[in-house]
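Step one of this worksheet: look at the structure below.
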Amino acid sequence: MKSIVCVKRVPDTEARIRIAGDGSSIDPSGVKFVLNPYDEFAVEAALKHKEAAGQGEVTVISVGDASSAETLRTALAMGADAAVLLKADRTPEGLAAAKVLAAEIEGREYDLVLFGMKAIDDDLQAVGPMVAELLGIPVVSAVTEFSVDNGKVTAHREIEGGAEVVELRMPCALTITKGAYEPRYASLKGIMAAKKKPLEEKPASVDAPAAQATLSYPPERQAGRIVGEGPDAVPELLRLLRTEAKVI
Amino acid sequence: MAGIFAFAESRDGELRKVAQEVVTAARKLADAAGTEVHAVALGGSGLSGAAGELGKYGADKVFVGESGAFDRYSPEGFTTVIVNFIKEHGCDAALFPATALGKDLAPRVAARLGVDYLSDATGLDAEGGAVSVTRPRYAGKVFGKVAVSQKPAVISIRPNVFQAAESPKAGAVESLDVDLGSADFGAVVTEIKAAAGEKLDVSEAPIVISGGRGLQDPANFKLLEELAEAFGGRAAVGASRAVVDAGWRPHGDQVGQTGKTVAPTLYIAVGISGAIQHLAGMRTSRYIVAINKDPEAPIFKVADYGIVGDLFQILPRMTEEVKKLMA
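Line by line, the protein sequences are chains A and B. 397 is the number of the first residue of the first sequence in the working numbering; add one for each residue after it. 877 is the number of the first residue of the second sequence in the working numbering; add one for each residue after it.
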């Protein structure tokens, strides 16, 4: 089985985000960048299914600037077989990213295309379904676990208050969320091996964004008051929630 | 102007609360742009009565598409019906709920129409022919504002942010042709696990009670569930990343940058110290209450009200008092 996993380089979840002088991007200084956590689940899922089948190939693809090569190496160190960097002067979002990825995937042989459910920087949760639409293949999003049998995928998908079971015909796309696939740590051996694995770089032509976002900080929350200590403070808390905040 | 499309989500023949919010948001946008609201509800049979109520929230026309094939969400079927509808009726903006269903459906609709998509909007406006969208990035560490001049602007709105407001219109109900003939779809929902709809989701509940490491043991989440129950079905139980990573709670309950971002009326953080990734996910809550034994915990810096102390003593008392209040 041939799997393609699309990955993105994003600021770490613990990073403090500062707006850059242009007002529409973030200041990368002092920010640690990582493989998008949801994409790690997708890489893990691809590796697990390859191992279970005892054969296959996992290719990771990213669109972004030269620094995304580092992110692809992380996925190679986890165990992916090959990587492709679609090199652009910036990392596109949404439809612009989906078009570049779909154009690359179209020319490849594949059974599964996996994505993280969302990138934790733009929070769009759009690229997976968009790539699938552009490729004309079925897709299911927010998958916690899936099985592959006889050219068919059975996926469990998170919905409010439960899960849906979806059957898909291959080739298909899945976006993966936290669930059955606990990402492995890259071993030292894996990291050494990753250096020798193929990482192809190709220039990508990225559409200009339809509109640029102006960034701002959320309003600061004022620290409120400590109502009291221990269980005896409970009645006063509830009184405040009822009469002052009027929320209960 | 060519109208604002509003997708009215339903489950088991009942409209979901978020459908009223989507129509309310569409009404505001339509008033600013001088155009009409076209609400569309798709499902199995039994929707027409429920759909009539969308007029109450400002839909000029309500289109109901009923089909046995739509008893369950059909990703490709819904996309096809909606894209056909938008092509036929025209559309300046298409609004969806930022729910599991909406977030699956809206990006497909956008890609098929060849336009961009913005998710989880917390602010919407119409300015000079463009729809302006405010939405969180980095789970709310910063907000971005974009003026979308593309037509249609495809947007999902965050539940609980656009409070449903009545704005009655005639709301004529028309039925929508959803016959897709012998279309052969590659993805089919075959089963719904767990009692979907019975358990309130953290992303939609008006009250969220989240627990962290301070709970000490997964079994102790029972204390949060009892408190949630005391609020009479209006509260959901959430969790911090630490306890989800430890396998105590499912990922669907996680609040934070690698979980859900929530905006309830009341957020109660119990035994959660307040790591930056958790704060990002809950700071847009209207009121925040923190219960923690460490008075220096960062959670108190964003909380409106706090109690310092042992949660194992505080929670049972709170459940008891809330029960009295609700009685």
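Even for Gly, the Cβ is constructed at its ideal location relative to N, Cα and C.
In the DSSP assignment, Gly978 of chain B falls within the unbroken alpha helix (DSSP H) covering Ala976 to Leu989.
The straight-line gap separating the alpha-carbon atoms of Ser583 of chain A and Ala590 of chain A is approximately 10 Å. By the neighbour-count definition (other C-beta atoms within 10 Å, threshold 16), Pro627 of chain A is a buried residue. Between the segment 932-950 of chain B and the segment 506-520 of chain A there are fewer than three inter-stretch CB-CB distances shorter than 8 Å, so the stretches are not counted as touching.
Under the three-state reduction of DSSP output, Glu505 of chain A falls in the coil class, being neither helix nor strand. Below the 7 Å Cβ cutoff, chain A contributes Asp519 as neighbours of Pro1012 of chain B, in chain order.
Bridge partners of His552 of chain A according to DSSP: A:Glu541 and A:Val561.
Listed along chain A is no residue with a C-beta nearer than 8 Å to that of Tyr933 of chain B; the closest approach is about 21 Å. Cβ contact annotation for Val536 of chain A (same chain, cutoff 7 Å, sequence separation greater than five): Ala551, Arg553, Val562, Leu564 and Leu570, in chain order. One thing to note: Asp996 of chain B has its Cβ within 9 Å of the Cβ of Ser1032 of chain B. For Leu595 of chain A, the enclosing beta strand (DSSP E) covers residues Leu595 to Pro599. Each of A:Asp485, A:Glu440 and A:Ile555 was checked against the Cα of Pro605 of chain A, and the nearest Cα belongs to A:Asp485.
Residue environment analysis places Glu560 of chain A among the buried positions, since at least 16 neighbouring C-beta atoms fall within 10 angstroms of its C-beta. As computed with DSSP, Glu1067 of chain B is found in a beta bridge with A:Val561. The beta-carbon separation of Ala1179 of chain B and Ile1190 of chain B, rounded to 14 Å, does not stay under the 8 Å limit for a contact. Glu1003 of chain B carries a strand assignment under DSSP once its states are collapsed to helix, strand and coil. Using a Cβ distance threshold of 9 Å, Ser1086 of chain B and Gly1128 of chain B do not count as a contacting pair. In the structure shown, the three-state DSSP call for Ala882 of chain B is strand.
Considering only A:Leu431, A:Val430, A:Arg414 and A:Phe429, the residue with the shortest C-alpha distance to Asp423 of chain A is A:Arg414. In this structure, B:Ala884 is the residue among B:Val898, B:Ser950, B:Ala902 and B:Ala884 with its C-alpha nearest to the C-alpha of Ser924 of chain B. Taking each of A:Thr573, A:Ser458, A:Arg635 and A:Ile533 in turn and checking the Cα distance to Asp1121 of chain B, the smallest one comes out for A:Thr573. The way I'd put it, the segment 608-620 of chain A doesn't touch the segment 1051-1060 of chain B; fewer than three beta-carbon pairs between them come closer than 8 Å. Secondary structure note for Glu447 of chain A: its alpha helix (DSSP H) is the uninterrupted segment Pro433 to Ala449.
With a threshold of 16 other beta carbon atoms within 10 Å, Gly1108 of chain B falls short and is exposed.
Take Asp1001 of chain B, set aside five residues on each side of it, and the residues of its chain with a beta-carbon closer than 7 Å to its own are Ala908 and Ser1008, in chain order. Shown here, Phe1019 of chain B sits in a strand according to DSSP, grouped into three states. His445 of chain A has its alpha-carbon roughly 9 Å from the corresponding atom of Phe542 of chain A. Closer than 9 Å to the CB of Phe1107 of chain B there is at least one CB belonging to chain A. Between the segment 976-983 of chain B and the segment 909-920 of chain B, the count of C-beta pairs closer than 8 Å stays below three; the two stretches do not touch. Per DSSP, Pro488 of chain A lies in no beta strand (DSSP E) segment and is marked neither H nor E. Taking CB atoms only, Val496 of chain A has no neighbour in chain B less than 9 Å away.
With a threshold of 9 Å between beta carbons, Leu530 of chain A makes contact with chain B.
Along the segment 944-975 of chain B, the positions whose C-beta sits under 9 Å from a C-beta of chain A are Arg948, Tyr949, Pro951, Glu952, Thr955, Ala974 and Thr975, read in chain order.
Between the alpha carbons of Val1064 of chain B and Pro951 of chain B lies a distance of about 8 Å.
Annotation for Leu1100 of chain B: the continuous alpha helix (DSSP H) segment containing it runs Phe1097 to Ala1106. Taking a contact to require three or more Cβ pairs closer than 8 Å, the segment 1151-1170 of chain B and the segment 1097-1107 of chain B do not qualify as touching.
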